[in-house]
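Structure first, commentary second.
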Amino acid sequence: MSDLQAFQAETRAWLKENCPASLLGAGGGGLVGTWGGRKWQPENEDQRVWLERAAEKGFTAPTWPTDVGGGGLSKAEAKILAQEMRALGVPPPLIGFGLTMIGPTLLQYGSEEQKQEHLPKIVRGEIRWCQGYSEPGAGSDLAGLQMRAEDKGDHYIVNGTKVWTSYADEADWIFALVRTDPKAKKQEGITFLLIDMETPGVSVSPILLISGSSPFCETHFQDVKALKSNVIFKEHAGWTVAKALLGHERSMVAEAFGGGSRRSLADRARAYLPGATADGPLPDGGLRRDIASFEMEARAFGLTMQRSRDAAKAGQQPGAESSIFKIVGTELNQRRQELLLHIAGPQALGWEGEGFADGELATTRDWLRSRGNTIEGGTSEVQRNIIAKRVLGLPD
Amino acid sequence: MSDLQAFQAETRAWLKENCPASLLGAGGGGLVGTWGGRKWQPENEDQRVWLERAAEKGFTAPTWPTDVGGGGLSKAEAKILAQEMRALGVPPPLIGFGLTMIGPTLLQYGSEEQKQEHLPKIVRGEIRWCQGYSEPGAGSDLAGLQMRAEDKGDHYIVNGTKVWTSYADEADWIFALVRTDPKAKKQEGITFLLIDMETPGVSVSPILLISGSSPFCETHFQDVKALKSNVIFKEHAGWTVAKALLGHERSMVAEAFGGGSRRSLADRARAYLPGATADGPLPDGGLRRDIASFEMEARAFGLTMQRSRDAAKAGQQPGAESSIFKIVGTELNQRRQELLLHIAGPQALGWEGEGFADGELATTRDWLRSRGNTIEGGTSEVQRNIIAKRVLGLPD
Amino acid sequence: MELILTEDQELIAKTAVDFVGERSPIARMRALRDDGDPAGFSRELWKEMADLGWVGIPFAEVHGGADLGLAELTVVIEALGRGLAPEPFLSTVLLAGQLLQRSGDDAACARWLPGVCAGDTILALAYQGVTSRYDAFSPSVVATASGDGFRLAGQAIQVLDGHVADALIVSARTSGEQGEASGLSLFVVPKDASGLEIVRQSRVDGRNAALVQLDDVAVSAADALAGVDGGGPLLQQTIDRATIGLCAEMLGGMQQAFELTLEHMKTREQFDTVIGTFQALKHRAADLFIEIELAKSVVMAAARAADEAGADPGELARHVSVAKAHCSEAYVHITNEAVQMFGGVGMTDEYDIGFYMKRARAAELTFGDAAFHRDRWAALGGY
Amino acid sequence: MELILTEDQELIAKTAVDFVGERSPIARMRALRDDGDPAGFSRELWKEMADLGWVGIPFAEVHGGADLGLAELTVVIEALGRGLAPEPFLSTVLLAGQLLQRSGDDAACARWLPGVCAGDTILALAYQGVTSRYDAFSPSVVATASGDGFRLAGQAIQVLDGHVADALIVSARTSGEQGEASGLSLFVVPKDASGLEIVRQSRVDGRNAALVQLDDVAVSAADALAGVDGGGPLLQQTIDRATIGLCAEMLGGMQQAFELTLEHMKTREQFDTVIGTFQALKHRAADLFIEIELAKSVVMAAARAADEAGADPGELARHVSVAKAHCSEAYVHITNEAVQMFGGVGMTDEYDIGFYMKRARAAELTFGDAAFHRDRWAALGGY
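Protein chains in written order, with the working numbering: chain A, 3 to 398; chain B, 3 to 398; chain C, 44 to 426; chain D, 44 to 426.
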C-alpha cells in the first residue's frame, strides 16, 4: 500500500468517526455554510462540533503549515481529502475570505508574528474577515483609492469609506488598502493594512441592489486607530500585495460561474413552450439553437479551465488565464440568465407575491444580480486591457 | 395645369421623342453605364446619340446652372424628370464621378474660370474624372498624406502615389489632394488640385483584390507638372474642400447597399435546403430567424434613410446621418453576403470553372468584395469616432 | 407617408417632454414604489393629462376625444417613457379604450369612453393566461353558454392596471380551438361583477398589473364587442396598435437611459481621465446611438402606417414586428451597456439606471420578444 | 483525459512548426496558385512529411505507420494550417486512409496503406453530392446490383485531392432511403476504372478538389468496406474524426492570422500613432485571443476523446460538434477582423491575410457549419 493509499484509508476512517452523522449527505444536510467569527451562531450543535474537530485536525486549512494550525498536507493529500469528503458527503467545516484570501496572502507576505497571530484564529473559525478595496468613485481604477491613513508614529489614523465590502456587517477584521503617502505616484503610496472592525470609528451600512438585498456593505472609517504592526509586507508597498490577492479573487469569481449541473435549459423550455413534447425537438427552432450555442460555449469554457488546471499541475506558469476566466465565465452566466428570461417569457417579470412561482421570481432576481458579474472583481473592460497589454503586448 | 404639371407633360414628350427606342425598358435595355471620357467607346450608336441629345438639353446634370451646360432645373423639376425616366425605362444618359463628385465641388468652391472650363465637358461626357485621395500607408488617416507638390512659381511639380483610385485607368483628369506645405500641421498643408492624366509622368497600375480584378488602381506621379490655376478654393486649404466632398461620398456608398429588390433570401434558401417546400416554413428554424432578422433590420435602415430624406426636404440640417448610413448600410450588406454563403453551403466555395453555377460563383466573389465595404469610403471605426466626437460630444 | 413630425406634433412633443421633466421625473416613480402606494400611479396627474387632451387623443370627438391618431399619441407616450410614468395609457387608452372604439359598438363606447377621455375612468384588458405566452388567441378564460348569455371561468395574468380598473374587457374562448382567431369573444365586465376577483401583482419593473380570477361570472351576448366568436381579429389588431404605443414608451426610455449614460461618461473619472475618453466605450456608445436612431424611424413609421386609412393589415403587422423587435433589442442592449458603464453604482438600487434596465426587460417580454416577432415576420413573408 | 501535450507531442509540435516556417510558409501556397501548378501541392514535400513519420501517424505499424492517434496528428496539422500547406492530409490520411484502417478490411488495408504511409499513394473520399449539404447519408451516387457486384452512377462534388488520387472511396446508396445510415456502401475504386471521370475544381480557398462523375462504374461486393449496406456508421465516424483534423488546421490558421494582425497593429501608424494603441481595437484583439484559447482547448479535448479506447460515440460526437462550431466561428471572426484592421491593403490579393479569410470560410462550410453542429448538439441532447 502506497503512502497515499494509507492516507486515504486513514482519512476516510477519521472523517467517518468525526463528522457528525446529521451533517452527512448531499450539500451537508442542507447546512448553510460555516463562516465562523465572533458573531457566528451555529445552526446546531453538530455544526459547532464538526468545526472544532476539523480545526483541531488542521482540516479547515489542509495545506497550511502545522505551526499555524494547518493540516500540513501535500497537494496530493489535500486532493484525496477533498475526494473523500465529496464521496462521504461531508460538508466543508469552514468557509470564508480568511481561508481563501487573507490567509494565503499572510503566508506569502506576512511576518512570522503576523502569521502566528492571525492564521490560527482563521483555522479555528474564531475570526471572520472581509475585504476593503473599492471605494466610492474609484471603481475599476483601484489604485485611485482615497482612504487616508495618517502616520502617527506607531499607528495610523484612518479616515475614509470602502464600498462593496461583502459581509462587512458580519466580519471581525478587515484587510484594507489605504493611502499612506498622498504625494507618491498612485500605486506607490498604498499600504496593505489589517484593521479590527471593533475599533471605535468603524461603522457599516448594507447596500441595496437592483436585485434586492445583498451581502455588500459600505464601511466607514472615522478617525480609526490602526497599529503599524498590522501593515502587511511593507509600508507604501501594498499594491504588490493587493495584486497577488486580486489574481486569486478573479479565478474564484470565474469558478463560481463555471458550470455545475442544474436543471437543463431544454427541460425548462419544455415547461414553457406550447406544443413542446417530452423528448422531441423543441418547437421553437431559434430558441433551440440559442440553448445549444450556450451549452457548447459553456463546455468550451469548462475545457479551457481544465486545460489550465492540467497545465498548472504539470508545473507550467499561468498566463492570462484568470482574466480569460473572469471575462468568459461571467458573460456565460449572463447569457444563461438571459436565456432563462426568454424561456419563461412574461412569467419572468415577477418581483414578489401572487402569480409567479418561486423559481420564476428567483429567475428574475438572478438575472438582475448577474449584471454585476462583469463589473465586480475587475470589470470585463479592465480584464481586456490586461490581456491587450500583458499578453498581446499592445502599446499604451 | 400647374407649372410642374406642364413641366411633366413636356418632359415626358421630350423623353419619348429623344431617347432612342432601343434603350427603353428595364435597365436601359441591358446597357452598361455611360461613363464618357476620351477613351470611351459607345456600345452602339444609340447610346452616343442619347448622351448627345441629353447633354444638349442639360439633362445629364439637370440641376446645374444653364451657363455651364446644366439643365437649370429646380429640385422639384429634377424629381419629376427622374420619375418620368423611371416610368419610361429611360437609362441615365451619363454617370460618373464628374457628375456626382467633382462637379458639385466645383460649383461650391471653384472659380468662375474653373467652372467654365470643366463643367461643360463633364455635362457633355467629354472628360471622365477619378479621385486621388488615399495613399499607400495612409489608410483611414487621410490627412497624413505624403504626395508632394513643390512650388515652382506658376506651377507645381508633383511626386508620389495615390491608391484606390477607382477607374484611374479609364479617366482623363484626376482631382487629388497634395501636400503643398510640408511644415504646416497635417491638415493645413494640403491643397486640392486637378491634374490632367495625360501629363507626362502619370502612370496607372490596376489593383488585384482578394475577390478578383477590380476597378481600383494605383496611380503614380513622377515629376508631374500641374498648373496652379488648377488649385480649387485656396492653396493649403484643400482639407476644407475634401471634407465637403467626403461627406457626399459616404452617403453615396451607403445608398448603394440600401436595399433594392433582389431575389429573396428565403427563396434562395428553399433552393438549397433539403426538405423545403414551396410555401411552408423553412425547415431550418435558425436560418429562418436569421433571414427574418436581417430583413427586419434592413427595413429599419431603409426607414431611417427615408426619415433623413424627409427631414432634409423639410429643410432640417443633417446631423450624423452620413456616418450612420455608412456603418449600417455596409454592415447590413456584409450580413446579407454571409447569409448567402450559409444558404449555399459547400456550393458557395467555388472560384471559377466546373461544378458551380454562375450565381454561386458570384455569391462567393460578392462576399469577398463586401468585406471592403466597411473599409472604403471611411472605415467603420472612423465613422464611430466621428459620431462619438461630433454628435455625442465625447472628449478626445 | 412622411417620416417627419408635423408642426402640431412637434408642439405636443415639446409640451410632453417639458411636462415629464417637471412633473414626472423618474423620482416620482421611485417614490410611488418606496411608499407602497396602493394605486401605483397618480389620479391627479392622470386627470391633468386628460385635461391636456392627451388621454382623449385617439377617441372620437363625440366622446370627448380629439380624433387624432397614433402619430400624436406616440409622441406623448415617448415623452412619458423618459420618466417611466406609471399612468394607465397602455391599459386604458391603447388596449381597452381602442378595443371599444374600434369595435364600433356605440352603446359600449357611449357608456365608457367619455369617462376615459375625462380622466375619470380606468379600463383594462384581460387576455393572457399563464400558458398563453405571446399568443393572443390562447386565453385561459373559457365561456360556457348559459341561457342567452355565458358564464366565464378562468384566470388572466398581468392585467395591466387591473387593480384600479372600473371595468375589464375579458377575452374568452366561446368556441373553436386555442390558437385560432375565430371563436374568441371580448366581454365587457364591470369591476363589481359577481365572481370576479382581482389581486394586484408586483412586477420587477414596477408596472401596475393584476391577477384576475373569474369564477362563474355571468355576461350577456350583448356585452361581446364585435359579437360572440368574432373578437379575435379585433383583439390582434388592437394589441398590434398597443405594441406601437409600447415601442414609443421604450424609445423614450432608451433615450433617457442613454443620456444618463453619456452624462456619466463625461463626468466620471477613472485612471485620471473621464471614462468618455476611452475609445472602446466611445465606439460602443456610437453603436447605441445608431440603435436609437433606427428605433426613432421604426416607431414613427409604424404609428403612421397604423393611422393610414385602409392600411393593409399584413403590412401594418410587418411594421409592428419590425418596431417591436428592434426596440426590444435596442432597449435591452442600451440599458445593459448603461449599467456596465456605470459600474458598481449602476447595480445599486440608489441609482436610477437600474429602473430602465428592468423596464427594458419587462417591455421586451410584453406583446412578444424579438424572436417572436421574427417568427411572425417570416410567417407573414410566407417562409 | 489530460488536456496538456506530452513531451513527445511537444517535440512533434516544435518540429512541425519549424518545418512549416522554413519549408512551407504561405508564400509556397501562393506560388502554387499563381503558377497554376497541375497537382496543386508538392509531391517531394509530401514524401518528406512521410519520411518524418507524419503521414503514417495514425496507421498500424504493419503498414508502415506509427500507430499513434489524433493527439499527435492534430499537432502536425495545426502547424501545417499556419502555412495553409496543401498537402493531402485531410483526403489521404484522415478521410480515405482512416476509413480503410477502421474498416478492418485487411486485404484493402494491405493493398493501399503501405503506399500511403510511404508518401507514394494518394487516396480520396467521394461522398457528397450537390444536394447533400452536410448530410453524410445523402450521396448522389446510386449503386445498382449487377451480377455479383454493382454498377455505380452519379456525381460526387468537391472530392478533396480527387484529381491526384490513385484510388477513390465512393459512398453510394445500395438500399434504403436518402438520409438513412443503413443502405450505404463504401466502394474502393481505382482511378483508372472504366466510366470514372475526374475533373479538377477551383475553390475560393485554393484547396485541391475534384468533381467526380461515375457512369456505370463496375465494382464488386468484395470492394465494399464494412460490407454492402454497412458503410454508413463507419463513414459518419470517419468524417467526425476528419473534422477534428480540420479543426486543428483551423486552429493553426487562426493563430497565424492573429499573429499577422498583432504584428500589423504594432507597426502600422495612423493619426501619428501605431493603431495598436487604440483601445477599441485592443479590446477586439483581446476577444480574438480568448476565442483562440478556447479553440485550443476544444481541439485538444476532441482529439483526446477520439483516441480513448471505447469512447462513447455520442460523447465523441458532442466533442466534435463543440470543436467545429467554435473553430468555425472563431476562424471566421478572427479573419474578418484581421482584414478590417489591415484596412484597404487587407483587401488586396498582394497581402497574405486574405488567404486566411478565404480558408476560414471554406473550412466553416466543410463538414457542417456552426448552425449544423448546434442542431446536432441539440439532437444528441434529446431536444
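Cβ atoms here follow ideal geometry from the backbone N, Cα and C, with glycine treated the same way.
Using only the alpha-carbon positions, how far apart do residue i and residue j sit?
| i | j | result |
| --- | --- | --- |
| E380 (chain C) | M384 (chain D) | 24 Å |
| A89 (chain A) | Q299 (chain D) | 45 Å |
| E12 (chain B) | S24 (chain B) | 21 Å |
| E220 (chain A) | N251 (chain C) | 32 Å |
| R270 (chain B) | P182 (chain D) | 22 Å |
| M199 (chain B) | A173 (chain B) | 7 Å |
| I400 (chain B) | W353 (chain B) | Outside the displayed range of chain B (3 to 398) lies residue 400 (chain B), so it cannot be described from this structure. |
| T187 (chain C) | L239 (chain C) | 16 Å |
| G261 (chain A) | D143 (chain A) | With a pLDDT of 40 at G261 (chain A), under the threshold of 50, the modelled position of that residue is not reliable, and the figure given next carries that caveat. Cα-Cα distance, rounded: 30 Å. |
| G99 (chain C) | Q144 (chain C) | 11 Å |
Check the Cβ-Cβ distances between residue i and every residue of chain A, and say whether any is below 8 Å.
| i | result |
| --- | --- |
| R14 (chain B) | no |
| L54 (chain D) | no |
| H429 (chain D) | No answer is possible for residue 429 (chain D): it lies beyond the span of chain D, which begins at 44 and ends at 426. |
| Y426 (chain D) | yes |
| R337 (chain B) | no |
8 Å is my cut-off, CB to CB: does residue i come that close to chain D?
| i | result |
| --- | --- |
| H222 (chain B) | no |
| R348 (chain B) | Contrary to the premise, residue 348 (chain B) reads as Pro rather than Arg in this sequence. Closer than 8 Å: yes. |
| M199 (chain A) | no |
| S76 (chain A) | no |
| V393 (chain A) | yes |
| I345 (chain A) | no |
| I212 (chain B) | yes |
For a cutoff of 8 Å on Cβ pairs, would you count residue i as touching chain C?
| i | result |
| --- | --- |
| F193 (chain D) | no |
| P276 (chain B) | no |
Determine, for residue i, whether the minimum Cβ-Cβ distance to residues of chain E falls below 8 Å.
| i | result |
| --- | --- |
| I377 (chain A) | The displayed structure is made up of protein chains A, B, C and D, and chain E is not among them. |
What does residue i reach in chain A if we use C-beta pairs closer than 9 Å?
| i | result |
| --- | --- |
| Y374 (chain D) | By Cβ distance, chain A contributes nothing, its closest Cβ being about 14 Å from Y374 (chain D), past 9 Å. |
List the residues of chain C whose Cβ lies closer than 7 Å to the Cβ of residue i, in chain order.
| i | result |
| --- | --- |
| H505 (chain D) | Outside the displayed span of chain D (44 to 426) sits residue 505 (chain D), for which this structure offers no information. |
| D143 (chain A) | Q313, F314 |
To which residues does DSSP link residue i through a beta bridge?
| i | result |
| --- | --- |
| T187 (chain D) | D:R194 |
| L211 (chain D) | D:A167, D:V232 |
Hey, out of the options, whose CA is closest to residue i's CA?
| i | options | result |
| --- | --- | --- |
| G60 (chain B) | B:A316, B:I124, B:G27, B:V92 | B:I124 |
| L26 (chain B) | B:A314, B:M87, B:R290 | B:M87 |
| L48 (chain D) | D:L123, D:V118, D:G357 | D:V118 |
| M390 (chain C) | A:T36, A:L210, A:G100 | A:L210 |
| A78 (chain A) | A:L6, A:V51, A:C132 | A:L6 |
| I197 (chain A) | A:E190, A:D225, A:S215, A:S213 | A:D225 |
| A59 (chain D) | D:D248, D:G295, D:G197 | D:G295 |
| L61 (chain C) | C:E87, C:L95, C:R243 | According to the sequence as given, residue 61 (chain C) is Asp; it is not Leu. Closest option to D61 (chain C), Cα to Cα, is C:L95. |
By the criterion of Cβ-Cβ separation under 7 Å, what are the contact partners of residue i in chain A?
| i | result |
| --- | --- |
| E45 (chain D) | D312 |
List, in order along the chain, the chain B residues whose C-beta lies closer than 9 Å to that of residue i?
| i | result |
| --- | --- |
| G282 (chain A) | Going along chain B, no residue has its Cβ under 9 Å from G282 (chain A), so there is no contact; the nearest lies around 13 Å. |
Looking at residue i and the ligand NAD, is the gap between the Cβ and the nearest heavy atom below 7 Å?
| i | result |
| --- | --- |
| L96 (chain B) | This structure simply doesn't include the ligand NAD, nor any ligand for that matter. |
In chain C, what lies closer than 8 Å to residue i by C-beta?
| i | result |
| --- | --- |
| A294 (chain B) | R417, D418, W420, A421, G424 |
Are the C-beta of residue i and some C-beta of chain B separated by less than 8 Å?
| i | result |
| --- | --- |
| T58 (chain D) | no |
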